[in-house]
Structure formats: C-alpha cells, structure tokens
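K.L.:
Residues in the sequence shown are numbered from -4 upward in steps of one, following the numbering used here.
From the three backbone atoms N, C-alpha and C, an ideal C-beta is built for every residue, glycine too.
This one's a predicted model, so the numbers in the text were calculated from it and none came from an experiment.
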Amino acid sequence: MSGNLIKRVFLARLAGTAVFDPNGDPVGKVRDAVATLRSNNQPPRILGLVVEVPLRRRVFVPITRVTSIESGTVVITGLLNMRRFDTRAGELLVLGELVDRSITLVESNENVVVEDMGMEQNRTGDWLITKVHIMRKGHGLRRKGATSTVAWEEVTGFASHEPNQGVTNLLSTLSNLRAADLAAVLQDLAPKRRVEVAGALNDERLADVLEEMDEKSRVALLAELEGERAADVLGEMDPDDAADLLREVGAERAQTLIDLMEPEDAEDVLRLMNYEDYSAGGMMTTEPIILSADSTVADALAAVRQSEISPALASQIFICRQPLETPTGRFIGMAHYQRLLREPPSTLLGSIVDTDTQGLNPDATLNEVSSYLASYNLLSVPVIDANDRLLGAVTVDDVLDHLLPENWRHDHRETSRTQVDIAQLEKEGVHNGTQ
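1. Would D393 and M278 be called neighbours here (beta carbons separated by less than 8 Å)?
2. Just confirm the distance between the C-beta atoms of A28 and P21, as a whole number of angstroms; I'd bet it's less than 8 Å.
3. I'd like the span of the alpha helix (DSSP H) that includes G194, first residue to last.
4. Go ahead and pull the three-state DSSP assignment for K126.
5. Is it true that the region 305 to 314 meets the region 261 to 278, where meeting means three or more beta-carbon pairs spaced less than 8 Å apart?
6. Just to confirm before moving on: does the CB-CB distance between P38 and I124 stay below 8 Å?
7. Kindly provide the ranges of any beta strand (DSSP E) runs that are 3 or more residues long and lie completely inside the region 255 to 306, ordered along the chain.
8. In terms of residue numbering, what span does the alpha helix (DSSP H) encompassing S375 cover?
9. Is the beta carbon of I327 less than 8 Å from the beta carbon of A288?
10. Under 8 Å between the Cβ atoms of V61 and L75?
11. Looking only at its chain, what residues have a beta carbon closer than 6 Å to the beta carbon of R8, apart from the 5 residues adjacent to it on each side?
12. Helix, strand or coil: how does DSSP classify D95 here?
13. Considering only heavy atoms of the ligand COA, does any lie closer than 7 Å to the CB of A146?
14. Can you list, in chain order, the residues of its chain with a C-beta nearer than 6 Å to that of P283? Leave out the 5 residues immediately preceding and following it.
15. State buried or exposed for V225, treating a residue as buried only when at least 16 other CB atoms are found within 10 Å of its CB.
16. CB-CB under 8 Å to L216, same chain, minus the five flanking residues each way: which ones, in chain order?
17. Going by alpha carbons, who is nearest to G345 out of L355, E102, H331?
18. Which residue's Cα is closest to the Cα of F80: D254, V56, N106, A238?
19. Can you tell me whether L100 is helix, strand or coil according to DSSP?
20. Helix, strand or coil, according to DSSP, for K132 in the structure here?
21. Round the Cβ separation of L90 and L32 to the nearest angstrom and send it over; I've been treating them as touching at under 8 Å.
22. For R3, count neighbouring C-beta atoms within 10 Å of its own C-beta (all shown protein chains included) and say buried if the count is 16 or more, exposed if not.
23. Using 8 Å as the threshold, is the C-beta distance between L241 and A249 below it?
24. When the distance is taken between beta carbons, is S375 closer than 8 Å to T360?
25. Taking G222 as part of the alpha helix (DSSP H), name the residues at either end of that continuous run.
26. Applying the 10 Å Cβ sphere with the 16-neighbour rule, what's the burial state of A195?
27. Can you list, in chain order, the residues of its chain with a C-beta nearer than 6 Å to that of G113? Leave out the 5 residues immediately preceding and following it.
28. Quick check: the Cα distance between L265 and T281, rounded to an integer number of angstroms?
29. If you measure between the beta carbons of V214 and E243, is that distance less than 8 Å?
30. What is the residue span of the beta strand (DSSP E) that N106 lies within?
31. Check the C-beta distance from S365 over to L398 and give it rounded, since I have them as a contact under 8 Å.
32. Please report how far the alpha carbon of G230 lies from the alpha carbon of K132, in whole angstroms.
33. Classify Q116 as buried or exposed, calling it buried when 16 or more other Cβ atoms lie within 10 Å of its own Cβ.
34. Let me make sure I understand the geometry here. Which of S305, L335, E262, E320 has the alpha-carbon closest to that of D441?
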C-alpha cells in the first residue's frame, strides 16, 4: 500500500466500491474481504478481497496486490486470477460470516451484534482487523440499540465458530517463519497434519514453501492438493521451479495441471519444460527485471524495490528492445544495481548499460553456466536465443540448487534446526496429527 500513514477502512462500507487497474480501467466491485483468525485473540489478518468481475464471477485479489483504497475506489496491480473464489480451511468471509454475528463484550459480558469491522495497516504492511463496530440490544419500543466502535480485544466469541482451530493455532505459531524453515517444519509433521496446514496456507505462501522442499516431499504434497488448487499454486511459483516440479509428477498429471493453469503461466512453464533440466534454459526464470533503454534509473530502482523480486534477480536490470516480456526484442545489455545507486534518478538506462555481457544460449550446460557466473562475478546471467532475444536469466541460487547433492535440504535441516520447537508442537498434540 502506498504511503506511510496508517489508514482505517471499514469493510461493510467498502462493499460495492469500484476496483480499478493501474491504468484506470475498471475491473469490478468489492463484495467481501477474506480474513484468518489468530490465536490469543490477536487481531485477524486480512488475506485479500473478493471482487465481482463481469458475468457475476467472484474472484480473489490478495491484499498485497491492493495499492490504494481511497476516494471511493480501490486500485490493484498485477494480473487477476479469474478462477471462481472459494474459501479454504482457516479462511473466513468478513461480511458473509463475521458481520451480523452475535458476540460478547469482555468487560460487561453483554451480548452485542457486529455491524462492521475496521481494518488497519500496521508498520510491516499487514492489514489487521483492529476495530469492531457493534450494536447493543434495544430497550422498550426501540428496535435498535446504541452503536459504538470498540477494539478487537474488547470482544470475544469469534473463535468458537471457526472450524479446524487446531490448524489455525499451529499456523499462528508458524506465521513468521521464512519459507525454507516452514518447509522443514511441514516435512516433520504427520502426513494428515501436513495436508491440513498446506490447505490453510494461501497460494503464494504455499508456492514459496514448495520451492524450498525436497523433490520427494513436494511431489507428495502436490498430489494431495485438489487439481484447481494445485494449478493455482503452480501459477504462483517461479516458472522454473514450477517446470521442475511438473517434470517430477509424471507426464499425465503434469498435462492435467497445465490445462488447469492460467494460459500466461502455462505458456512460461511449457517453454521451460522443453529444455533439459540441467541446461541454462531449464534453470532460467522467464521473469527477470526487463526495461527499455529509454527507461530511467528511477524506473529501475522502483522495479528493484518490489518485495517479490529475489536479491539475485534484483542485482541486474536487463535492457532490451520492445517487447519487454520474454522472449523480448533484441537484448542490449545489463544495468547493474550498484551503478544505479551512483546515478541521478533521471538518467536513462541506455547511457549506463553494460554491453560486455553477451549471455549464454539455452543449451549451455550447468558447468558452463556456473563458470560464466564465477568468471564475471555475476549473480545472474542472461539466456539469449539465436536471434539475440532475451529468453530469461539464470541466477546463482538456481545454479546452487543443481550443484548441491540431492539431499542437501535434509542435511541442512539436521545441522540447522528451524525456529520452531518441534518437541513443543508434539506436546501440544499437533505433531502427530491430533487436535
């Protein structure tokens, strides 16, 4: 969300608000918000908005894609996943399930009715439900009682209605873990509990976790996901990781999932699956940062600041002629992050482009890629076709994944345990899949 001020948005009032893309084109209207309750009566976290698009289809927009909520409009960024929205384990619809609910004031034990819920953005960028607008019972001839707004902590009665509370409590324990650490914890859980936790994670979080799991574990977990859910998660993964995973699940299952994926995501993955796994084409990502020569340093720094960009990809900007999506127009060169920091924001990238790095062809071997990165002290290397078009980039972490022994993730977990005390989880009954 742009801006540093903490804003409060009441969700019942937000219903019906028009949603626009960054170009100002209408997308749809807000119909609800999706939240997840947390343990110890902490304010619930907002996961995203339910938006009604043409033909009365309701789709899910992650709250991280919302760039502003003001002046009666909501602006979002990124491509919409047009799959029809369905709630998953651990998710609640704010207007559909929380508003109009009868709850209790902690201090007076008085029963009240929820009329609205206010969300606020905290310093880390998360949106939390911090306020509850309530109505007391009317007296005498008055059908409606007095209304007031109270803090989330001043009321109780929401958690008792939530299904699968054991999973929710476990998720609250794991919510701050890095993806690699959460992957390690999932592999230590009993199979039934592992599937329950995976089902309660949102698509982006589960995609990050799958990318960090070893081959056997992630294939097994993907097999437990319903087809459309599995396709959604694959769509959130980096295309090279999704392609690697689809190679591992078998041709028939892979084709089924590809057919269920969004066309744009499927196209990138299919392109990568045509290359050998240990080649530059098989290891590359098709989504590096690509800009034109007449873009500015300010444009490049704005692209680098995106939280979903890995440090290795953020180290270099790839300068190409139009089109700027892979396969691009002619590859011109690279602009290095450190050079960007030394230049005025208005400087054109064409004036600081490094044209010495010519890149590798997609059939280059793992040894050739690793040698190239080491020789030129690069964190990523461009992959170029015979017509000098940029196909993607191989990052140093992609190379390490292929150079390390197959069981390196398991060895790492044994020598460096995660932040979660598995013994404590066992004590609480979640390690063995018990409630």
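P.N.:
On the basis of the supplied data:
1. Between D393 and M278, the CB-CB gap stays under 8 Å.
2. 19 Å between Cβ atoms; not a contact.
3. Per DSSP, G194 belongs to the alpha helix (DSSP H) from 186 to 195.
4. Here K126 sits in strand by DSSP.
5. Judged by Cβ distances under 8 Å, the region 305 to 314 makes no contact with the region 261 to 278, as fewer than three pairs qualify.
6. Annotated as proximal: P38 and I124, with beta-carbon spacing under 8 Å.
7. Counting only runs of 3 or more, we get nothing.
8. Boundaries around S375 are those of the beta strand (DSSP E), 375 to 379, since no alpha helix (DSSP H) includes it.
9. Taking C-beta atoms as the reference points, I327 and A288 count as a pair closer than 8 Å.
10. Taking C-beta atoms as the reference points, V61 and L75 fail to come closer than 8 Å.
11. Correct list: empty, nothing qualifies.
12. Under the three-state reduction of DSSP, D95 is assigned to coil, being neither helix nor strand.
13. Absent from the structure shown: the ligand COA. Ligands present: none.
14. The beta carbon of P283 is closer than 6 Å to those of L308, F313, A388 in its chain, skipping five residues each way along the sequence.
15. Position check: residue 225 holds Ala in this sequence, whereas Val was assumed. Taking every protein chain shown into account, the CB of A225 has 16 or more other CB atoms within 10 angstroms, so this residue is buried.
16. Same-chain partners within the cutoff: L181, R189, V190, A193, L205, M208.
17. Checking every option, the nearest Cα to that of G345 belongs to H331.
18. The residue with the shortest Cα to Cα distance from F80 is V56.
19. In this structure, L100 counts as strand in the three-state DSSP scheme.
20. In the structure shown, K132 sits in a strand (DSSP, three-state: E or B).
21. Rounded, the Cβ-Cβ distance is 16 Å, inconsistent with contact.
22. Answer is exposed; the Cβ neighbour count stays below 16.
23. The Cβ atoms of L241 and A249 sit closer than 8 Å to each other.
24. No; because the gap between Cβ atoms is not below 8 Å, this pair is not in contact.
25. Here the alpha helix (DSSP H) through G222 covers 222 to 231.
26. Buried, since its Cβ has 16 or more Cβ neighbours within 10 Å.
27. The residues are R3, F5, K126.
28. Distance between the alpha carbons of L265 and T281 is about 11 Å.
29. In this structure, V214 places its C-beta atom within 8 Å of the C-beta atom of E243.
30. Per DSSP, N106 belongs to the beta strand (DSSP E) from 106 to 116.
31. Right, the Cβ-Cβ distance comes to about 7 Å (below 8 Å), so this counts as a contact.
32. Cα to Cα, G230 sits roughly 48 Å from K132.
33. Q116 comes out buried.
34. There is no way to answer for residue 441, as the model of the chain reaches only from -4 to 430.
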